[in-house]
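Student: Dumping the structure here so I can ask a few things about it.
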Amino acid sequence: MKNAICARLPIRARLRARARLPIRARLPAATVALTLPLACAPPADEPDQGVEVSHTEVAHGIYQLNAGSHNAFFVDTDGGVVAFDPISIEAAAGLAVAIRSAAPGKPLAAIVYSHSDADHATGAPVLQQAFEGDAPIIAQERALPIITAGGDPNLPPPDLTFADNLTLRFGGRAIELHYLGPSHTDNLLVAFVPDQRVLFAVDFVSNDRVGYRDLPGWLFDDLYVALDRLMEIPFETVVFGHGPVGDRSTIERQLAYYADLRDAVQEAIDQGLTEEEAMEQVRLDDYAHWGQYETWFPMNVGAVYRWLASR
């Protein structure tokens with residue numbers, strides 16, 4: 093559909109919080125079909141040259157965009173393209189080119205922030221301007237005050253927020269947004285496209301890589317619950333915020349890693365090791381081939397040590 097009727101959804105249309113239930117139990121009641129504002133014309137001009145980006149179709153109409161160490165995600169529908177995580181000003185310019193290439197003539201239907209961190213959410217105005225419209229920005233509700241307080245014009249606050257679940261529908265295609273609870277941040281969502289069983293998950297899971305440095309901002313008391321909830325979603329393919337595409341077994345390995353890390357650090361605490369000693373002595377050789385193991389794994393140990401010792 094080259095052009096679509098432009099309809100504005102009031103910014104005040106935010107979803108109320110719902111009781112925490114297992115994902116499959118609460119989906120039917122919590123999903124909402126939305127008609128969101130669309131750009132009334134395809135983008136007119138090529139953006140300025142930005143960072144080097146490339147995009148790959150991982151399933152029918154579903155794409156990963158790579159921009160250096162970060163990935164974005166976009167979904168082509170008959171009602172327009174939904175883009176996730178513009179990453180930066182430069183990457184957003186490349187994302188606009190990729191969308192134009194993959195879905196020529198399609199409007200930008202919406203922009204979704206996976207969470208409030210600037211290294212994933214910056215650049216939405218570049219996308220909006222490239223498509224000559226004001227596609228709405230969507231995020232989990234806890235992202236709103238954080239982004240608003242930041243005051244960065246290149247990271248505008250969301251127009252629409254939700255509490256637990258939100259389903260977007262464009263031209264017959266559904267895109268589910270799920271909040272699994274606090275994990276890497278307290279506002280991180282995952283996206284699921286059920287017709288292709290593709291998941292987009294950022295920062296709290298990755299493809300055979302240990303956690304980022306000392307896991308800054310991670311909410312460990314809730315992380316393991318969020319990981320379990322993630323596995324309730326019937327995905328088969330995963331696009332990550334960093335690194336290559338994976339599958340369900342990739343997430344299962346991540347769950348095993350964080351469980352093994354917790355157990356190994358708890359054992360070190362039980363043996364009377366200090367944090368520094370644990371960082372030097374704890375090893376998980378089954379994961380020694382993972383990305384950043386030699387540099388970040390000791391920092392993972394230190395972060396989990398501080399969490400367990402403070403409980």
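Sequential numbering of the sequence shown, starting at 93, is according to our numbering. Just so it is clear, CB atoms sit at the ideal spot from N, CA and C, and this is done for glycine as well.
Check whether the Cβ atoms of residue 312 and residue 172 sit closer than 8 Å, and answer yes or no.
Tutor: Taking the first residue of the sequence shown as 1, we reach residue 312 at position 220. Taking the first residue of the sequence shown as 1, we reach residue 172 at position 80. Contact: no.
Student: Mapping the DSSP letters down to three states, classify residue 259 as helix, strand or coil.
Tutor: Numbered from its first residue, the sequence shown carries residue 259 at position 167. Residue 259: strand per DSSP, three-state reduction.
Student: In angstroms, rounded to a whole number, what distance separates the CA positions of residue 244 and residue 307?
Tutor: Working through the sequence shown from its first residue, we reach residue 244 at position 152. Working through the sequence shown from its first residue, we reach residue 307 at position 215. Taking the straight line from one Cα to the other gives about 24 Å.
Student: With DSSP run on the structure shown, which of helix, strand or coil describes residue 148?
Tutor: Reading the sequence shown from its first residue, position 56 is the one you call residue 148. In the structure shown, residue 148 sits in a strand (DSSP, three-state: E or B).
Student: Looking at the unbroken alpha helix (DSSP H) that takes in residue 186, where does it start and where does it end?
Tutor: Within the sequence shown, numbered from 1, the residue matching residue 186 stands at position 94. Start and end: 181-194.
Student: Give me the Cβ distance between residue 254 and residue 232, rounded to the nearest whole Å; I'm assuming they're in contact under 8 Å.
Tutor: Along the sequence shown, one-based indexing puts residue 254 at 162. Along the sequence shown, one-based indexing puts residue 232 at 140. Yes, residue 254 and residue 232 are in contact; Cβ-Cβ is about 7 Å, under 8 Å.
Student: So, with DSSP's three-state summary, where would you put residue 304?
Tutor: Stepping through the sequence shown from its first residue, residue 304 is reached at position 212. Coil.
Student: Does DSSP put residue 239 in a helix, a strand or coil?
Tutor: Residue mapping note: residue 239 aligns to position 147 of the sequence shown, counting from 1. It is helical.
Student: For residue 358, which residues in the same chain have their Cβ closer than 7 Å to its Cβ, ignoring the five residues on either side in sequence?
Tutor: What you label residue 358 is simply residue 266 of the sequence shown in a count that begins at 1. Once the five neighbours on either side are set aside, the close Cβ partners of residue 358 are 400.
Student: Excluding sequence positions up to five away, which residues of its chain have a Cβ less than 6 Å from the Cβ of residue 303?
Tutor: Counting from 1 along the sequence shown, the entry for residue 303 is found at position 211. For residue 303, where only same-chain residues beyond five positions count, the Cβ hits under 6 Å are 392.
Student: What number of angstroms, rounded off, separates the C-alpha of residue 235 from the C-alpha of residue 175?
Tutor: Translated into positions along the sequence shown, residue 235 becomes position 143. Translated into positions along the sequence shown, residue 175 becomes position 83. Residue 235 and residue 175: Cα-Cα distance of roughly 17 Å.
Student: Please classify residue 344 as buried or exposed, where buried requires at least 16 neighbouring CB atoms within 10 angstroms.
Tutor: The residue given as residue 344 occupies position 252 in the sequence shown. Result: exposed.
Student: Mind checking whether residue 157 and residue 145 have CB atoms under 8 Å apart?
Tutor: Taking the first residue of the sequence shown as 1, we reach residue 157 at position 65. Taking the first residue of the sequence shown as 1, we reach residue 145 at position 53. The answer is yes: Cβ separation under 8 Å.
Student: Helix, strand or coil for residue 265, going by three-state DSSP, please let me know.
Tutor: Position 173 of the sequence shown, counted from the first residue, corresponds to residue 265. Reduced to three states, the DSSP call for residue 265 is strand.
Student: DSSP on residue 365, reduced to helix/strand/coil?
Tutor: Here residue 365 corresponds to residue number 273 of the sequence shown, with the count starting at 1. In the structure shown, residue 365 sits in coil (DSSP, three-state: anything other than H, G, I, E or B).
Student: Quick check on the burial criterion: 16 or more other C-beta atoms within 10 angstroms. Buried or exposed for residue 265?
Tutor: Here the question's residue 265 lines up with position 173 in the sequence shown. Buried, because 16 or more other Cβ atoms sit within 10 Å of the Cβ of residue 265.
Student: Are the Cβ atoms of residue 285 and residue 272 separated by less than 8 Å?
Tutor: Position 193 of the sequence shown, counted from the start, is the residue given in the question as residue 285. Position 180 of the sequence shown, counted from the start, is the residue given in the question as residue 272. Taking 8 Å as the Cβ cut-off, residue 285 and residue 272 do not qualify as a contacting pair.
Student: Whole-angstrom Cβ separation of residue 374 and residue 356, contact assumed at under 8 Å?
Tutor: Sequence index remark: in the sequence shown, residue 374 carries index 282 (1-based). Sequence index remark: in the sequence shown, residue 356 carries index 264 (1-based). Confirmed, Cβ separation roughly 5 Å.
Student: Let me know the secondary structure DSSP gives residue 280 once reduced to three states.
Tutor: Within the sequence shown, residue 280 is the residue found at index 188, counting from 1. The answer is coil: DSSP assigns residue 280 none of H, G, I, E or B.
Student: Suppose only complete runs of 3+ residues qualify. What are the beta strand (DSSP E) ranges in the stretch 315-366, listed by chain order?
Tutor: Runs found: 329-332.
Student: Suppose you measure from the CA of residue 388 to the CA of residue 305; what does that come to, to the nearest Å?
Tutor: Sequence index remark: in the sequence shown, residue 388 carries index 296 (1-based). Sequence index remark: in the sequence shown, residue 305 carries index 213 (1-based). The alpha-carbon atoms of residue 388 and residue 305 are separated by roughly 5 Å.
Student: Using CA coordinates, which residue listed in 297, 318, 296 and 336 is at the minimum distance from residue 256?
Tutor: By one-based count along the sequence shown, residue 256 stands at place 164. That would be 318, whose Cα lies nearest to the Cα of residue 256.
Student: Anyone know if the C-beta pair for residue 309 and residue 163 falls short of 8 Å?
Tutor: In the sequence shown, counting from the first residue as 1, residue 309 sits at position 217. In the sequence shown, counting from the first residue as 1, residue 163 sits at position 71. No, the pair does not count as a contact, with Cβ atoms beyond the cut-off.
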